[in-house]
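These notes concern the structure reproduced below.
2 protein chains.
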Amino acid sequence: MKWIRYYREKNIYYGIADLQNQSVTEVNGNPFEEYEHKKTVPFSDIKLLTPFEPKTFYAAGTNYEEHIRKVAELIGEQPNIPEKADIGYRANNALIAHDETIIIPKDATEKVQYEAELVVVIGKKAFQVKESDSLQYVFGYTIGNDVSERSWQKLDRTLWRAKNSDTFKPMGPWIETEANLDDMITSVHLNGEKTIEFKTNEMIFGVEKYIHEITKYITLYPGDMIWMGTDGEGKNMSDGDTCEITISGIGTLKNHVRKIQ
Amino acid sequence: MKWIRYYREKNIYYGIADLQNQSVTEVNGNPFEEYEHKKTVPFSDIKLLTPFEPKTFYAAGTNYEEHIRKVAELIGEQPNIPEKADIGYRANNALIAHDETIIIPKDATEKVQYEAELVVVIGKKAFQVKESDSLQYVFGYTIGNDVSERSWQKLDRTLWRAKNSDTFKPMGPWIETEANLDDMITSVHLNGEKTIEFKTNEMIFGVEKYIHEITKYITLYPGDMIWMGTDGEGKNMSDGDTCEITISGIGTLKNHVRKIQ
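Just so you know, the sequences run in chain order A and B. Residues in the first sequence are numbered from 1 upward in steps of one, following the numbering used here. Residues in the second sequence are numbered from 1 upward in steps of one, following the numbering used here.
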């Protein structure tokens, strides 16, 4: 199932998308608690939002080896391959939906880059979960673009504006509940040209490991999410660009880019 | 006004506390949007919660000079006095209310310390706000205890379990809407004995500066909060302890401590 969230007639609803018929089965309630089917609405009547409003926004950050080496090279530091599955955070203010526009602040450098990431959506309250049980707590997967300004990433004490400036976290288009981690391939197209492709699940620490480690100390709740990091070398995004991230088995997240002049 | 949030008869309500009469004026709605007075309820009928559920949990982290030197000494690093008002993040999973219990995980060291912090509660949507206008966007103030496990703070790549283990973020008891920054004195009592006292507003970067800097890139929303950092040297908290943080003009946040054996 593909769960979406959207505006329709000045209200916000959840629904299950039917791509073939270009329609959505709208529900009362939400996918994390209780819901009942209400009616069918055509895609033309809705404005897509991020597929949910996360409770806590976890991010692995560095979780693929090649990417860590490439970013270190770019910002002139030594690569730092993590030895433990320490989790980080991003912020909800930066979230935008599929088809919305990434706004690059006026004083950003040209080094504003996409990062194509698998997003794990938690469906059940989880505490002290075994690695082998951890996927039972996953509701589904969506796609995230962890947009990053590399000069701020290097200069600042925290990742606040480098990664959390308004619009820097595109996410969507939906939560896919039936995808299989090992079948996924992540690819990015910048203005229609493929710039990278990698096996999504070839992470340093996988989804199961992260859920196990986080829940040693932290309760995960329905509606929490974990962004799993990205691989390879990014490319700069400029005013007028379109960035599309595809993860096979989930879908494609497309966003436009504008720079404030 | 002192805004509280609480359970009563299996529901969650906001209300305005009247300390003298030990009662609360319960409202329909919430203080950040619309509300209307409903009825008066005695304190004996309610179970206090954190005064609100923050949207995004911002934290200055290091924002008082003496504290930075003392923690650096404790964990064997050079003190790093910030040169810019870079903001960090904490996580909602760790929040507990006044009078609730800080649970220290079994494998934590003895270096689990309180940090007494002023919490700024945002009341209006704020973007690109001038320093001189910034206090207009503040709804009020409450008190936070930024509980920290110093060995994890040193060892881990992020502050995840050092500062965000479940129960590590006591906050409350209420949001005070009429406090004055320059009049505030922060003090901590551990088992009834005063361990520290400092002028709350003698920060490296003040509330106005932080709101101004954050909103250059980030929209602050009603219900966001900023924890402003702490001063001085912490003390370890052990099983059975009681930690009370007082900020004059706001109130006292009291929490018990238990260590899992």
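Every residue, glycine too, gets a C-beta built ideally from N, C-alpha and C.
Fill in: chain A contacts from the segment 54-87 of chain B (Cβ-Cβ distance under 9 Å)
Answer set for the segment 54-87 of chain B: LYS55, THR56, PHE57, TYR58, GLY61, THR62, ASN80, PRO82, GLU83, LYS84, ASP86, ILE87.
Discussion item. Determine, for TYR221 (chain A), whether the minimum Cβ-Cβ distance to residues of chain B falls below 9 Å.
Written reply: Look at TYR221 (chain A): its C-beta is under 9 Å from a C-beta on chain B.
Worksheet entry | Assumed close pair TYR141 (chain B), ALA179 (chain B) - CB separation to whole angstroms, cut-off 8 Å | Correct: roughly 5 Å between the Cβ atoms.
Worksheet item: How is the alpha helix (DSSP H) around ARG69 (chain A) delimited, first residue to last?
Response: Note, ARG69 (chain A): alpha helix (DSSP H), 65-75.
Item to complete: Taking VAL207 (chain A) as part of the alpha helix (DSSP H), name the residues at either end of that continuous run.
Response: Run containing VAL207 (chain A): 207-214, per the alpha helix (DSSP H) assignment.
Worksheet entry | C-beta neighbour in chain B for ASP224 (chain A), strict 9 Å | Output row for ASP224 (chain A): interface = yes.
Worksheet entry | Cβ-Cβ distance between ILE116 (chain B) and GLY88 (chain B) below 9 Å | Note on residue identity: the sequence assigns Ala, not Ile, to residue 116 (chain B). Going by C-beta atoms, ALA116 (chain B) is not nearer than 9 Å to GLY88 (chain B).
Worksheet item: With 16 other CB atoms within 10 Å as the buried threshold, where does HIS212 (chain B) fall?
Response: Counting Cβ neighbours within 10 Å, HIS212 (chain B) comes out buried, since at least 16 surround it.
Item to complete: For GLY76 (chain A), count neighbouring C-beta atoms within 10 Å of its own C-beta (all shown protein chains included) and say buried if the count is 16 or more, exposed if not.
Response: Using a 10 angstroms sphere on the CB of GLY76 (chain A), the tally of other CB atoms stays under 16, which defines it as exposed.
Discussion item. Within 10 Å of its beta-carbon, does ASP239 (chain A) have 16 or more other beta-carbons around it, so buried, or fewer, so exposed?
Written reply: With fewer than 16 Cβ atoms within 10 Å of its Cβ, ASP239 (chain A) is classed as exposed.
Item to complete: Could you work out which residues of chain A lie near TRP227 (chain B), taking near to mean beta carbons separated by less than 9 Å?
Response: Under the 9 Å cutoff, chain A gives no residues; its nearest Cβ is about 13 Å from TRP227 (chain B).
Discussion item. Which residues of the segment 152-181 of chain B have a Cβ closer than 7 Å to any Cβ of chain A? Give them in chain order.
Written reply: Those would be ASP156, ARG157, THR158, TRP160, ARG161, ASN164, SER165, ASP166, in chain order.
Worksheet item: Which residue spans inside the segment 138-207 of chain A form an unbroken alpha helix (DSSP H) run of at least 4?
Response: Counting only runs of 4 or more, we get 150-155, 160-164.
Worksheet item: What separation, rounded to the nearest whole angstrom, lies between the Cα atoms of LYS2 (chain A) and THR246 (chain B)?
Response: If you draw a straight line from the Cα of LYS2 (chain A) to the Cα of THR246 (chain B), it comes to about 49 Å.
Item to complete: Could you name the residues of chain B that TRP196 (chain A) contacts, counting a contact when the two beta carbons are closer than 9 Å?
Response: This sequence places Ile at residue 196 (chain A); Trp is not what is there. The contacting residues do not exist; ILE196 (chain A) stays about 24 Å from chain B at best.
Worksheet entry | Nonlocal neighbours in the same chain, by C-beta distance under 7 Å from LYS70 (chain B), ignoring five residues either side | Cβ within range, chain order: GLY232, GLU233.
Fill in: Cutoff 7 Å; reference HIS37 (chain A); Cβ partners in own chain excluding five residues on either side
Correct list, in chain order: THR25, VAL27.
Worksheet entry | Residues that TYR262 (chain A) contacts on chain B, provided the C-beta gap is smaller than 7 Å | Nothing can be reported for residue 262 (chain A): it is not among the residues displayed for chain A, which extend from 1 to 261.
Discussion item. Using the three-state DSSP reduction, which class does GLU26 (chain A) fall into: helix, strand or coil?
Written reply: Here GLU26 (chain A) sits in strand by DSSP.
Worksheet item: What first and last residue would you give for the beta strand (DSSP E) that runs through GLY15 (chain A)?
Response: Counting along the chain, the beta strand (DSSP E) containing GLY15 (chain A) begins and ends at 11-18.
Worksheet item: To which residues of the same chain is VAL129 (chain B) closer than 7 Å at the C-beta, ignoring the five residues directly before and after it?
Response: Hits under 7 Å: TYR137, ILE211, HIS212, THR215.
Item to complete: Determine the chain A residues that contact ILE218 (chain B) at a beta-carbon separation under 9 Å, and present them in chain order.
Response: Per Cβ cutoff of 9 Å: ALA91, ASN93, ALA94, TRP160, ARG161, ASN164, SER165, ASP166.
Fill in: Any alpha helix (DSSP H) of 4 or more consecutive residues that is wholly inside the segment 75-102 of chain A
DSSP runs (the alpha helix (DSSP H)) wholly in the segment 75-102 of chain A: none.
Item to complete: For my contact list, ALA97 (chain B) and LYS169 (chain B) are in at a C-beta cut-off of 8 Å; report their separation, rounded to the angstrom.
Response: With a Cβ gap of about 10 Å, ALA97 (chain B) and LYS169 (chain B) do not count as contacting.
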